[in-house]
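Chemist: Counted from 1, the sequence shown has number 319 at position 151 by my numbering; the numbering is strictly sequential.
A single structure is presented below for examination.
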Amino acid sequence: MKKLPYLLIAIRFILAPIILLLAYFKGTESRFLILGFMYFGLLTDIFDGIIARKVGVSSEKLRRLDSQTDLIFWLSLGFASYFLNPEFIKNEWWGILLIFVMEALCYIVSIWKFGKETCTHAFLSKMWGLSLLIAFTYLIGFQQAGWAFYLTVVLGFVSHIDVILIVLLLPKWQYDIPSSYHAWKIRNGKERKKTVFFN
Numbered sequence: 169m170k171k172l173p174y175l176l177i178a179i180r181f182i183l184a185p186i187i188l189l190l191a192y193f194k195g196t197e198s199r200f201l202i203l204g205f206m207y208f209g210l211l212t213d214i215f216d217g218i219i220a221r222k223v224g225v226s227s228e229k230l231r232r233l234d235s236q237t238d239l240i241f242w243l244s245l246g247f248a249s250y251f252l253n254p255e256f257i258k259n260e261w262w263g264i265l266l267i268f269v270m271e272a273l274c275y276i277v278s279i280w281k282f283g284k285e286t287c288t289h290a291f292l293s294k295m296w297g298l299s300l301l302i303a304f305t306y307l308i309g310f311q312q313a314g315w316a317f318y319l320t321v322v323l324g325f326v327s328h329i330d331v332i333l334i335v336l337l338l339p340k341w342q343y344d345i346p347s348s349y350h351a352w353k354i355r356n357g358k359e360r361k362k363t364v365f366f367n
């Protein structure tokens, strides 16, 4: 059981290139299989954290590995969306560029301040992850975007601002910080870091 969280993370990592290959070589005929892998990957993401805490192996190493695997997994779905719907992606380049810039800023600020990448697993980031799930479901499964895409862009911008604030407020690097408000409380000695989320 203590190795299971690592196995779940590894599964999500392996799914990333499979998703890319399916989208590139099989095109739209693979879209529902890709969706199936996406939802399965989400389940591994939820349960790796739950199991890790239950068996007492939740650690900085595991959480950082989880965060970087999440990035690779969702990027693979983004590129798969491009392979399946190139014209839409080109038409909505501004929103996609905004998210890439904000993600890069989170890494730059965190590495500049702490010498490590971010690993906050914040609440707003989780909400953004759910919006990504909805947006990719519409985009990959049904070749539609609309409100789901724009919701993802807005939540992505807001959640990345929250992460940047967390990094700037924390006196030292920590993982699993629910929000910038919690980071402010930690900075002022009003709260000790707690792991409170389901992931």
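Where is the CB? At the ideal position from N, CA and C, for every residue including glycine.
Quick caveat: nothing in here was measured; it's all calculated off a predicted structure.
#1: Pull up the distance between the alpha-carbon of residue 366 and that of residue 218, whole angstroms please.
#2: Using the Cα positions of residue 234 and residue 211, report the straight-line distance between them to the nearest angstrom.
#3: Nearest to residue 214 by CA position, among 201, 271 and 237, is which residue?
#4: Taking Cβ positions, are residue 245 and residue 300 nearer each other than 9 Å?
#5: Beta-carbon within less than 7 Å of residue 186's beta-carbon, same chain only, minus the 5 sequence neighbours each way: which residues are those?
#6: With DSSP run on the structure shown, which of helix, strand or coil describes residue 355?
#7: With residue 340 as the anchor, note down where its alpha helix (DSSP H) starts and where it stops.
#8: Please report the Cβ distance between residue 327 and residue 303, rounded to the nearest whole angstrom; I am assuming they are in contact, meaning their Cβ atoms lie under 8 Å.
#9: Below 7 Å CB to CB, which residues in the same chain sit around residue 287 once its five sequence neighbours on both sides are set aside?
#10: Residue 155 by DSSP, collapsed to three states: which one?
#11: Determine the direct distance from the alpha carbon of residue 278 to that of residue 247, and round the result to whole angstroms.
#12: Answer with yes or no whether the minimum CB distance from residue 349 to chain C is below 9 Å.
#13: Could I get the ranges of all uninterrupted alpha helix (DSSP H) runs contained in the segment 231-282, with 4 residues as the minimum, in chain order?
#14: Determine the closest residue to residue 318 out of 239, 261 and 223, with distance taken between C-alpha atoms.
Modeler: In short, the structure shows the following:
#1: Low local confidence applies: a pLDDT of 40 at residue 366 is under 50, so the model's placement there is unreliable, and no value is given.
#2: Taking the straight line joining both Cα atoms gives about 13 Å.
#3: When each option's Cα is compared against that of residue 214, the closest is 237.
#4: Yes, they are a contact pair.
#5: Within the same chain, residue 186 has close Cβ partners 205.
#6: Three-state result, residue 355: helix.
#7: Counting along the chain, no alpha helix (DSSP H) covers residue 340, and no H or E run does either.
#8: Not a contact, Cβ separation roughly 14 Å.
#9: Once the five neighbours on either side are set aside, the close Cβ partners of residue 287 are 231, 232, 235 and 343.
#10: No statement about residue 155 is possible, as the shown extent of the chain runs from 169 to 367 and does not include it.
#11: Each residue's alpha carbon lies about 25 Å from the other.
#12: Although the question refers to chain C, the structure presented lacks it and comprises just one protein chain.
#13: Within the segment 231-282, the runs of alpha helix (DSSP H) that reach at least 4 residues and sit entirely inside it are, in chain order, 254-259 and 261-282.
#14: Relative to residue 318, the option among 239, 261 and 223 whose CA is nearest is 261.
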